[in-house]
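Student:
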Amino acid sequence: MTSASMAGSGRIRLRWATRRRPGTFLVLLIATVLVMMPFLWMLSIAFKPEAEVFTDVPQILPADPTFENFATAWTSGNVGRAMINSTIVAGVAVLVNCTFAVLAGYAFAKLPFRGGTLVFLLMISTAMVPVAVTLIPLFLMTKGFPLVGGNDLLGQGGTGLLDSLGAVVLPHLIAPLNIFLARQYFLGLDDDLGEAARIDGANELTTFWRIYVPLARPLVAVVAIFSFTAVWDDFLWPLVVTSSLEAETVQLALSKFLTGGNVMYGPAMAGAVLVVLPVVAVFIFNQRSFIAGLSEGGVKG
1 MTSASMAGSG RIRLRWATRR RPGTFLVLLI ATVLVMMPFL WMLSIAFKPE AEVFTDVPQI
61 LPADPTFENF ATAWTSGNVG RAMINSTIVA GVAVLVNCTF AVLAGYAFAK LPFRGGTLVF
121 LLMISTAMVP VAVTLIPLFL MTKGFPLVGG NDLLGQGGTG LLDSLGAVVL PHLIAPLNIF
181 LARQYFLGLD DDLGEAARID GANELTTFWR IYVPLARPLV AVVAIFSFTA VWDDFLWPLV
241 VTSSLEAETV QLALSKFLTG GNVMYGPAMA GAVLVVLPVV AVFIFNQRSF IAGLSEGGVK
301 G
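Numbering (UniProt numbering), first residue to last: 1 to 301.
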C-alpha cells in the first residue's frame, strides 16, 4: 500500500470516527445521567426537611436546605462511631491483603512448586462458594477463637471474637480474588528482572520488594480498593456477629433509619451521603492505577 493510499484511508477513518462521535457522546451522556440520578436524589433528600421529602411536585433542589439531617445521622444515628469502626476494619483488611495477598500472588506466579497449580485452583474455587453457606462455619470459628472473649486455649468457655471489630474483619483478611489478580499481574512481568536481581545476590524477599513491588503499584491499588469496598459495603456478616453500638459498622447504622414504624428518610439519606464519600474519595485517588491494574491483572497470564 502506497503512502497516498494509506493517507486516504486514514482520512476516511477519521471522518467516520468524527461522524460517530456525537452519537457516542450522547449515549454516554444519557448513561451518565441515568447512573447519577439516584445519587442526585439521595443528595437532594439529605438537605431537605422531613416535611419537604414527599411533595406533590418532586424537586431536585431543596426549597429550604438544612444540615439538620446530617447532625441527626452523625449523633443520634451513630453514623460517626460506625464510620470510625468501619475505617478501622477496612484499614486492617487493606493492609493485610496488600501484604499477604500480593505476596501469595507473587509466589504462585514466580516461585513454582510441586502442586502449586492444584493449590491455586483449590483456593480460587473457594470464591465460588456462596456467602450464606459459610456463615455458620465462620460464626463457630469466631465464637471458638482461642484465648479471647473468655475462651481457653481450646476455644471453650466464652464468646471468642463475637461482638468485636475482630469478628467483622476476620472473613476479609485474605480474599481469593486478590490473590488471583496478583498472580495474573505478576505473570505478565518479565522473569529476567528477578533473575538479574538474584545473580546480583539479592534474596527472594529483596527481589520482590525492590524489583517487582515498584512495578506492581497499579495492582496494589486494585487490591486496596477491592478490600476497602468489600468491608465498607458488608452488611450480612456484621449483622450476624455484632450486637452492640460499640461494634456497629456503617451499613448497620444506616439500616436503623429504615426499620421500625417511623422511617427517617432525611437522616437516612444524609447518612448515606456520609458513607458514600470515603468510597468515592478512595476510588478517585486511585482511579488511574485501578483501571491500569485491573486491565493488566485480568488479561495477562
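Every residue, glycine too, gets a C-beta built ideally from N, C-alpha and C.
I'd like to know whether the C-beta atoms of A175 and A230 end up nearer to each other than 8 Å.
Tutor: One-based indexing of the sequence shown puts residue 175 at position 175. One-based indexing of the sequence shown puts residue 230 at position 230. Closer than 8 Å, so yes.
Student: Relative to the alpha-carbon of E246, which residue among R198, R183, S86 has its alpha-carbon at the smallest distance?
Tutor: The residue labelled residue 246 in the question sits at position 246 within the sequence shown. Nearest C-alpha to E246 among R198, R183, S86: S86.
Student: Let me see if you follow: with CB-CB separation under 8 Å, is T229 close to chain C or not?
Tutor: This model lacks chain C altogether, as it is built from one protein chain only.
Student: Would a C-beta distance cut-off of 8 Å place A224 and A82 closer than the cut-off?
Tutor: Stepping through the sequence shown from its first residue, residue 224 is reached at position 224. Stepping through the sequence shown from its first residue, residue 82 is reached at position 82. Not in contact: A224 and A82 (Cβ atoms no closer than 8 Å).
Student: Beta-carbon within less than 7 Å of L173's beta-carbon, same chain only, minus the 5 sequence neighbours each way: which residues are those?
Tutor: The sequence position of residue 173 within the sequence shown is 173, counting from 1. These residues qualify, in order along the chain: A93, V96.
Student: Can you list, in chain order, the residues of its chain whose CB lies under 6 Å from that of T242, leaving out five sequence neighbours each side?
Tutor: Indexing the sequence shown from 1 puts residue 242 at position 242. Excluding residues within five positions, the ones whose Cβ falls inside 6 Å are D163.
Student: Looking at C-alpha atoms only, which residue of L205, F186, R210, E195 is the closest neighbour of L219?
Tutor: Counting from one through the sequence shown, the residue named residue 219 turns up at place 219. Selected option, being the one with the closest Cα: F186.
Student: For N178, does the three-state DSSP call read helix, strand or coil?
Tutor: The sequence position of residue 178 within the sequence shown is 178, counting from 1. Of the three classes helix, strand and coil, the one that applies to N178 here is helix, per DSSP.
Student: With a threshold of 6 Å on Cβ separation, who are the neighbours of F228 within its own chain once the five nearest residues in sequence on each side are excluded?
Tutor: Taking the first residue of the sequence shown as 1, we reach residue 228 at position 228. So the qualifying residues of the chain are A90, V94, V282.
Student: For the alpha helix (DSSP H) that A132 lies in, which residues bound it at each end?
Tutor: Taking the first residue of the sequence shown as 1, we reach residue 132 at position 132. Per DSSP, the unbroken alpha helix (DSSP H) holding A132 starts and ends at 131-143.
Student: Which value, in whole angstroms, describes the spacing of the CA atoms of G150 and L258?
Tutor: Here residue 150 refers to the residue found at position 150 when the sequence shown is read from its first residue. Here residue 258 refers to the residue found at position 258 when the sequence shown is read from its first residue. Approximately 35 Å, taken between the alpha carbons.
Student: In terms of alpha-carbon separation, which member of A46, G188, P58 lies closest to F108?
Tutor: Counted from its first residue, the sequence shown places residue 108 at position 108. The shortest C-alpha separation from F108 is found at G188.
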